[in-house]
Structures are given as C-alpha cells and as structure tokens.
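Remarks on the structure that follows.
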Amino acid sequence: MSDTDAVRMDDDERDEFLGRAGTGVISLATAEGEPPHSVPVSYGYDPVEAVLYFRLSVGPDREKGEIDDRAVTFVTYGERDGRWRSVAASGRLVSTTDESVAEETIEGLERTGRIPIVDVFGESTAEVAFAFCRLDPERFTTRIERSMEP
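Just so we're aligned: 43 in my numbering is position 43 of the sequence shown, and the numbers increase by one with no gaps anywhere.
Okay, here's the thing in structure tokens:
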C-alpha cells in the first residue's frame, strides 16, 4: 500500500497539463463580503507566454458584470496517467480588444489552437454576446499527486 502526497508541478508539467485548451472554473471578484462569481468556462493556453485565454459571455443581462481588469482565479483539474493534477491561476482579466495587447493576443490565440465551445447558456450561442479576454497570471499554484513508496 502506498500513500500519496500532492506536490508542485514544474513549468513543463504545468504546460503539458494545461495543453492548448480545456475547461475549468473561473471565479471573479465581487463586492467586499460577497462570495466570488464562479462559472464553468472553456479556455485556451499559450505555453510560450504562459497566458490563458477565455471566451466569456458578456452583456447587461449577465450576472458577472464588467470583466475588464477584474481580479480572478481560474482552476482546472483532472487525472492523467493515474495521478490527479490541478492548476490555479490568479491575476486580473485583460480585454483582448485593447490596442496595447491586440497583436500579442492574436499570436497567443494562434498558439492555443481552438478554445472549446461548451454550451451552458440555455439559449442558442448565436444569441449570446461573447468577449475574448486573457489572464496573464500573477501566480500559478500547481499540484500533482505523487506516490510515496514505503
């Protein structure tokens, strides 16, 4: 019988786990004393710049409100090769339509491949307004389950 211990992934392990795209949960900061607004999302990952890209629903009828410059934490997890892994990334969202990030965003999005489209809206995605934004994490927290031999 072996015990397991969660330890940090190195950058290469993190990049391999995040791959180019997947799904997770993003939690957006809210008013003081309120719980964060957390929603499932799909993402794209640029391993060259270590940046995450999101396609988020926006508009006045959306609960999350304005997304530009919001403090967020994004979490994704899963099992590969019989071991659990997780990545949490924290920072602020940046609109990809901002001229100062537009060119690097195009290059980064090309490196992510395709962000999966996950329909969780209860209405046609053609009727939902979306905005692309990116998270250049101030901090990554990674964990990988390692077996501990007796």
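Glycine residues also receive a C-beta, built at the ideal position from the N, C-alpha and C atoms. All values reported here derive from a predicted model rather than from experimental measurement.
Return the Cβ separation of residue i and residue j in integer angstroms, given the expectation that the two are a contact with Cβ distance under 8 Å.
i      : j      : result
Val-25 : Ser-38 : 6 Å
Tyr-92 : Val-75 : The amino acid at residue 92 is misidentified as Tyr; the sequence shows Arg. At roughly 16 Å, the Cβ-Cβ gap does not stay under 8 Å, so Arg-92 and Val-75 are not in contact.
Does residue i come out as helix, strand or coil in the three-state DSSP assignment?
i       : result
Arg-55  : strand
Glu-16  : helix
Asp-69  : coil
Asp-11  : helix
Thr-142 : strand
Asp-81  : coil
Using a Cβ-Cβ cutoff of less than 6 Å, which residues in the same chain neighbour residue i once the five nearest sequence positions on both sides are dropped?
i      : result
Ser-86 : Tyr-77, Arg-143
When you compare only the Cα positions, how much space is there between residue i and residue j?
i      : j      : result
Asp-12 : Ala-88 : 15 Å
Tyr-53 : Trp-84 : 23 Å
Asp-46 : Ala-21 : 9 Å
Glu-34 : Pro-40 : 19 Å
Val-7  : Arg-14 : 12 Å
Asp-69 : Leu-28 : 10 Å
Ser-57 : Met-9  : 31 Å
At a cut-off of 8 Å, would you count residue i as near the ligand MN, judging by its Cβ distance to the nearest heavy atom?
i      : result
Asp-11 : Ligands displayed in this structure: none; no statement on the ligand MN is therefore possible.
Given that a residue counts as buried once 16 or more other Cβ atoms are within 10 Å of its Cβ, and exposed if not, what is residue i?
i       : result
Arg-139 : exposed
Gly-44  : buried
Arg-80  : exposed
Arg-146 : exposed
Among residues of its own chain, excluding the 5 on either side of residue i, which ones have a beta-carbon nearer than 7 Å to its beta-carbon?
i      : result
Pro-36 : Ser-27, Leu-28, Ala-29, Thr-30
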